[in-house]
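Protein chains in written order, with our numbering: chain D, 81 to 565; chain E, 4 to 152.
Working notes for the structure below.
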Amino acid sequence: MGSSCVCWKWRSPLRRLAGFSRLLSTAALAPQICVVGSGPAGFYTAQHLLKHHRLARVDIYEKLPVPFGLVRFGVAPDHPEVKNVINTFTQTAHSDRCSYYGNVTIGKDVTVKELQQAYHAVVLSYGAEDNRILGIPGENLSGVYSARAFVGWYNGLPENRDLKPDLSSETAVVLGQGNVALDVARVLLSPLDILRKTDITEGSLAAIACSKVKRVWLVGRRGPLQVAFTIKELREMINLPDTRPLLAPADFTGLGDVIKDVPRPRKRLTELMVKSALEKPGEKEAGRWASATKEWGLKFRRSPLEVLSAADGKQARGIRIAVTRLEGSGESARAVPTGEVEELECGLILSSIGYRSLPLDSAIPFDPKLGIIPNSLGRVQGEPGLYCSGWVKRGPTGVIITTMNDSFDTAQSVLEDLQTGVLNLSSSKEGFKSVRSILHSRGVHPVTFSDWEKIDAAEVARGKLAGKPREKIVDPQEMLQLINH
Amino acid sequence: MSSKLFGFKSTVSHRLPIHRLQVQHSSADRVTVHFINRDGERLTATAKEGESLLEVVFNQNLGIDGFGACEGTLACSTCHLIFEEDVFQKLDAITDEELDMLDLAYGLTDTSRLGCQVCVKKAMDGLTVQVPMEVADMRRELEVGKQSK
Numbered sequence: 081m082g083s084s085c086v087c088w089k090w091r092s093p094l095r096r097l098a099g100f101s102r103l104l105s106t107a108a109l110a111p112q113i114c115v116v117g118s119g120p121a122g123f124y125t126a127q128h129l130l131k132h133h134r135l136a137r138v139d140i141y142e143k144l145p146v147p148f149g150l151v152r153f154g155v156a157p158d159h160p161e162v163k164n165v166i167n168t169f170t171q172t173a174h175s176d177r178c179s180y181y182g183n184v185t186i187g188k189d190v191t192v193k194e195l196q197q198a199y200h201a202v203v204l205s206y207g208a209e210d211n212r213i214l215g216i217p218g219e220n221l222s223g224v225y226s227a228r229a230f231v232g233w234y235n236g237l238p239e240n241r242d243l244k245p246d247l248s249s250e251t252a253v254v255l256g257q258g259n260v261a262l263d264v265a266r267v268l269l270s271p272l273d274i275l276r277k278t279d280i281t282e283g284s285l286a287a288i289a290c291s292k293v294k295r296v297w298l299v300g301r302r303g304p305l306q307v308a309f310t311i312k313e314l315r316e317m318i319n320l321p322d323t324r325p326l327l328a329p330a331d332f333t334g335l336g337d338v339i340k341d342v343p344r345p346r347k348r349l350t351e352l353m354v355k356s357a358l359e360k361p362g363e364k365e366a367g368r369w370a371s372a373t374k375e376w377g378l379k380f381r382r383s384p385l386e387v388l389s390a391a392d393g394k395q396a397r398g399i400r401i402a403v404t405r406l407e408g409s410g411e412s413a414r415a416v417p418t419g420e421v422e423e424l425e426c427g428l429i430l431s432s433i434g435y436r437s438l439p440l441d442s443a444i445p446f447d448p449k450l451g452i453i454p455n456s457l458g459r460v461q462g463e464p465g466l467y468c469s470g471w472v473k474r475g476p477t478g479v480i481i482t483t484m485n486d487s488f489d490t491a492q493s494v495l496e497d498l499q500t501g502v503l504n505l506s507s508s509k510e511g512f513k514s515v516r517s518i519l520h521s522r523g524v525h526p527v528t529f530s531d532w533e534k535i536d537a538a539e540v541a542r543g544k545l546a547g548k549p550r551e552k553i554v555d556p557q558e559m560l561q562l563i564n565h
Numbered sequence: 004m005s006s007k008l009f010g011f012k013s014t015v016s017h018r019l020p021i022h023r024l025q026v027q028h029s030s031a032d033r034v035t036v037h038f039i040n041r042d043g044e045r046l047t048a049t050a051k052e053g054e055s056l057l058e059v060v061f062n063q064n065l066g067i068d069g070f071g072a073c074e075g076t077l078a079c080s081t082c083h084l085i086f087e088e089d090v091f092q093k094l095d096a097i098t099d100e101e102l103d104m105l106d107l108a109y110g111l112t113d114t115s116r117l118g119c120q121v122c123v124k125k126a127m128d129g130l131t132v133q134v135p136m137e138v139a140d141m142r143r144e145l146e147v148g149k150q151s152k
C-alpha cells in the first residue's frame, strides 16, 4: 500500500483506480472468520479452516482468560494423555493467520451481531456450561451437587472453586452411569498417592484428603446393557487400587447369552461387567479386594424420586428411588416404574445426568428442548454467515474425536460457502480491528495466546514444586494480574 | 500408562512430539507405505522399519486431518486404519487396551487397527491402508444425496 501511495500521482486516474481496486480485491479475498469458544470444537474448527484455506484468518474468542475448555476443565486429572490434544491446538494458535482472544465474553462484551459485522463468518463453539437438573424435591439440599460442578471444582474451573462439597459421609451416590459418573467416583476413591501427582487443584486435593467417603454407588435408571460409560474407564475402575467392586450377580446372570450377537463394543463392555460380577477373581485380585478399604458399585433399574433431608431439614441424608423395569431392549429400552420404592442412605449426591447448553445471545436461534442451536451440517438455520460446532451443535455427548469430526464437518460447510459465494467476500471485513475498538470502548482487555503462555509457565513452575504437571490458578483475577492486565 | 511401541510394551507414557525430525537411514531399512485418504487420494510415504504407522504420518507430514490426537498413548481412536485381510492376519496380536479404544472408532471393520500400535516391518513393503470415513463424511454424503433429489 505504501509504495503505491508514492507512485500513484504519476499514473493516469483510471490506472490508479484499477490498481487500487485490485489491491482491494486481493485484500477482500482473505476471509475473516471468528470462532466463539476455545475448547476442542473451537480449535478443531479453526484448524480445519486454516489448513484447507490458504488465506483465511481465524480469530478464536474465549470468555475465560485461559483456553482449551473441557480439555482443561473436564478431562479427569488422572487422564493426562487425553490432554495431548493441547499440543495440536497450540500449534494452531501459533499459526500466523490465527489469533486467540481470551477474557472476552461474547453476548456481553461484544454481541454476535457485532461479530457478524466484523467477520465474514462466525462459528459458535461455546459448548455446554450448564447441566440437566433432576427436577426432584430435595435437589437443592446441602450435599447435592451436579457432577459438572464437582468436576469443575477439582479441575480448577473458576466458577466452581468455592463449591466446598461435603465429603463427610461414608456413602456417596452418583446418579448416572456415563464416563463422567465413573470419573467422579474414581476421583472420590483414588489413593491420594495417585491424585497428588496429577494436575488436580491443591484445594480439592486437600479436601479429598480429609474425605470420609468410602463407598460410591453409581445408580442408573436402566440396566447393564444401557450403561453409557466405556470399557477403558470401566477397566480402570475395576483395577483401582485399594477398592473392590460391588456388582450384584443377579444383575448379570444370563446376560452372556443375551449379548451374543450384539456389536463388539457393547459385547466386550458387558462381558467385562459379567466377568467381574460372576467369575471368581484371580489370586492377586482376590487379595486386593479382600484388603480394600473402599468400594464402588453399580445399581440398576433405580430412578431418583426425592432427596431426603436430615433432621435439620437442610442436609441430605439419603435418596428415595423408584424401582423400574425395562420396556424394549438395547439402546432404546425405556425405564418404567414398578411401584416399588427403596431408600439409599448417603450424605453426598452427585447428579451426572448430562451437561446442557445455554442460549448465548437472544439474537441467535436456540432450541431449549434439545439444548442445541438449530442447524444443518453446522449452518445455523435462518442465519447466513452463522455456524456452530461441538456440543452446542449436536448435544453434550461423545469424546474428543466425536467433536473433532463434528468440527471438521462445520468447517467444511464454511469452506463450501466460501467457494460457492454464499459467503460474500467482496465486502471486506475488518475482523479483530473493529472488535478491538469495541472492546476498548467497553473497558475489556483481551488476553492473547502469549499471555496464556505466561500463565501456563507459571502454573507449570508452581506444579514442579509440588511434583505435579501444573498447579492450576483458579482465580481469574490472579491470572490477569500475572499478565499485568 | 503403558504404550506399545517398537514391538514392546513400555510403562512410560509416550508423548510423540508434533515436530519429529526425519532420521536418515540407509535404503535397506526403507519400507513404502500407501495411505488412501478419506477423499480417495493416495499418499505414499517411505517409512523406517519399526516406526508405527502414526509416526509415519507425523514424520512425513501426511495431510490426514485430525490423525493421532492423543499422540500414540491409546487415549483416542483417531489413528484408526483399515488393512487388507491378508496383511491384517499377519499383524502382531492386538491387546485389550488397543481393542478398548478401537471399539470406539467409527466405521469399525474386521480388519481395523490403530495406527499407533502397528509397527512397520520389511515384509510390509508396498502396504496399502485405508483411512476410514468419519461420521461427518457419511452424513454429508447422505445430505448431499438428499438435496440432489
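Heads up, the beta-carbon is just placed ideally off N, CA and C, and yes, glycines get one too.
query	result
Suppose the cutoff is 7 angstroms on Cβ atoms and the five residues either side in sequence are ignored; what does the same chain contact list for D/ARG474 look like?	ILE452, ASP486
Where in the segment 196 to 252 of chain D do unbroken runs of the beta strand (DSSP E), each at least 3 residues long, occur, reported from the N-terminal end onward?	201 to 204, 224 to 226
Quick check: D/LEU130 and D/ARG177, are their CB atoms within less than 8 angstroms of each other?	yes
Going along chain E in order, which residues have a C-beta closer than 7 angstroms to the C-beta of D/ILE580?	Absent from the structure is residue 580 of chain D, since the part of chain D shown begins at 81 and ends at 565.
Under a Cβ-count criterion, where at least 16 other Cβ atoms within 10 Å of its own Cβ denotes burial, should D/ASN259 be classed as buried or exposed?	buried
For E/ALA72, go through chain D and note every residue whose CB falls closer than 8 angstroms to its CB, in chain order.	ASN164, VAL165, THR168, ILE480, ILE481, MET484
Taking Cβ to Cβ, would you say E/VAL134 is nearer than 8 angstroms to E/LEU84?	yes
Decide if D/GLN461 is buried, meaning its Cβ has at least 16 other Cβ atoms within 10 Å, or exposed.	exposed
Does the beta-carbon of D/ASN504 have 16 or more other beta-carbons within 10 angstroms, so that it is buried, or is it exposed?	exposed
Determine, using beta carbons only, whether D/ILE480 and E/CYS79 come nearer to each other than 8 angstroms.	yes
Going by the beta-carbon positions, is the gap between D/VAL162 and D/TRP532 smaller than 8 angstroms?	no
Quick check on the DSSP output: the beta strand (DSSP E) that includes E/PHE38 runs from which residue to which?	33 to 39
Quick one: which chain D residues come within Cβ less than 9 angstroms of E/THR114?	Chain D residues near E/THR114: none, gap ~13 angstroms exceeds 9 angstroms.
Just to confirm the assignment: which complete alpha helix (DSSP H) runs, minimum length 4, are found wholly within the segment 65 to 99 of chain E?	88 to 93
How would you label D/ALA568, buried or exposed, when you count the other beta carbons within 10 angstroms and need 16 or more for buried?	Residue 568 of chain D falls outside the range modelled here, since chain D spans only 81 to 565, and no answer is possible.
Bridge partners of D/ARG382, per DSSP?	D/VAL403
Checking contacts by CB at 8 angstroms: is E/CYS79 closer than that to chain D?	yes
So D/ALA227 and D/VAL254 are in contact, right, with Cβ under 8 angstroms, and what is the actual spacing, rounded?	7 angstroms
Give the single residue among D/GLY547, D/ARG152, D/ILE401, D/ALA413 whose Cα lies nearest to the Cα of D/CYS426.	D/ILE401
Tell me the residue span of the alpha helix (DSSP H) that contains D/ALA413.	It is not in any alpha helix (DSSP H) - D/ALA413 carries neither H nor E in the DSSP assignment.
Can you name, in chain order, every residue of its own chain whose Cβ lies under 6 angstroms from the Cβ of E/GLY69, other than the five neighbours on each side?	THR81
Does the CB of D/PRO345 have a neighbour CB from chain E at under 8 angstroms?	yes
Is the CB of E/GLY69 under 8 angstroms away from at least one CB in chain D?	yes
Give, in chain order, every residue of the segment 184 to 217 of chain D whose Cβ lies closer than 9 angstroms to some Cβ of chain E.	none
By the three-class DSSP mapping on this structure, what secondary structure does D/ASN455 have?	strand
Comparing the C-beta of E/THR76 with each C-beta of chain D, is any distance below 8 angstroms?	yes
Got a sec: is the Cβ-Cβ distance from D/LEU32 to anything in chain E below 8 angstroms?	In this structure chain D extends from 81 to 565, so residue 32 of chain D is not present and cannot be described.
Any heavy atom of the ligand NAD closer than 7 angstroms to the CB of D/VAL527?	With respect to the ligand NAD, the structure offers nothing, as it holds no ligand at all.
Name the chain E residues that come within less than 9 angstroms of D/GLU359, Cβ to Cβ?	Result: empty, since nearest Cβ-Cβ is about 16 angstroms, beyond 9 angstroms.
Kindly indicate which three-state DSSP category E/ARG3 falls into: helix, strand or coil?	Absent from the structure is residue 3 of chain E, since the part of chain E shown begins at 4 and ends at 152.
Relative to the C-alpha of D/ALA208, which candidate in D/SER469, D/HIS159, D/LYS513, D/PRO526 has its C-alpha closest?	D/SER469
Can you list the residues of chain E that D/TYR124 reaches, using a CB-CB cut of under 8 angstroms?	GLY69
Reducing DSSP to helix, strand and coil, say where D/LYS277 ends up.	coil
Please decide whether D/GLN461 counts as near chain E, where near means a Cβ-Cβ distance under 8 angstroms.	no
Express the C-alpha separation of D/ARG302 and D/ALA252 in angstroms, rounding to a whole number.	19 angstroms
Anything in chain E within Cβ reach of D/GLU558, meaning under 9 angstroms, just list it in chain order.	Correct list: empty, because the minimum Cβ distance to chain E is about 29 angstroms.
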